[in-house]
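Undergrad:
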Amino acid sequence: MITRILAMTLTVATAPALAQETPVTPTAPSGQDISLYDIAAQEGYEALIYHFRFLWPGIVDTDLEQAAPMIEADMAFFCNQVAIPRLAEAGAEAERVVISFSDREVEFGVATPEATQIFESYVIHDTTCEWEPF
Numbered sequence: 015m016i017t018r019i020l021a022m023t024l025t026v027a028t029a030p031a032l033a034q035e036t037p038v039t040p041t042a043p044s045g046q047d048i049s050l051y052d053i054a055a056q057e058g059y060e061a062l063i064y065h066f067r068f069l070w071p072g073i074v075d076t077d078l079e080q081a082a083p084m085i086e087a088d089m090a091f092f093c094n095q096v097a098i099p100r101l102a103e104a105g106a107e108a109e110r111v112v113i114s115f116s117d118r119e120v121e122f123g124v125a126t127p128e129a130t131q132i133f134e135s136y137v138i139h140d141t142t143c144e145w146e147p148f
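Heads up: the sequence shown is residues 15 to 148, going by our numbering.
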């Protein structure tokens, strides 16, 4: 299920160990033009929550209700194929991973009502992302 959130909580850390100068984003299963633009982290209860933030300009032209299964599949794909490997490479321990798609780059933690944004939260079991409802 796709969940929309108006604002996020305070960022306590960016994730420099996870960032690359030129992030390479694999092609989404849907074929949409989606690219990673930011990784942020915030404190969770037991470990950091990592936010992998993706830019998808075409989201504004998409019927989100009709495209929900495609979007959910793309988000799970990016969690498993981008977030999990980056966390493993950095030796980072995550309480949760949040994947977000936005039509424009937005400042983390700042409400941007003019932006179209979609968020999904995942817990990590072994080396797999499992969807976690907000």
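Ideal Cβ positions, reconstructed from N, Cα and C, are used throughout, including at glycine.
In angstroms, rounded to a whole number, what distance separates the CA positions of Ile73 and Ser49?
TA: In the sequence shown, counting from the first residue as 1, residue 73 sits at position 59. In the sequence shown, counting from the first residue as 1, residue 49 sits at position 35. In a straight line, the C-alpha of Ile73 is about 12 Å away from that of Ser49.
Undergrad: Consult DSSP for Val74 and reduce its assignment to one of helix, strand or coil.
TA: Counting from 1 along the sequence shown, the entry for residue 74 is found at position 60. Reduced to three states, the DSSP call for Val74 is helix.
Undergrad: Under the rule that 16 or more other beta-carbon atoms within 10 Å means buried, what is Asp163, buried or exposed?
TA: The first residue shown for the chain is 15 and the last is 148, placing residue 163 beyond what the model contains.
Undergrad: Per DSSP, which residues does Tyr64 bridge with? Please list them.
TA: The residue labelled residue 64 in the question sits at position 50 within the sequence shown. Tyr64 is bridged to Ala55, Val111.
Undergrad: Tell me the DSSP bridge mates of Gln131?
TA: Position 117 of the sequence shown, counting from 1, holds the residue named residue 131. DSSP output for Gln131 lists Ser116 as bridge partner(s).
Undergrad: According to DSSP, is Val137 part of a helix, a strand, or is it coil?
TA: Here the question's residue 137 lines up with position 123 in the sequence shown. Note: Val137 maps to strand in three-state DSSP.
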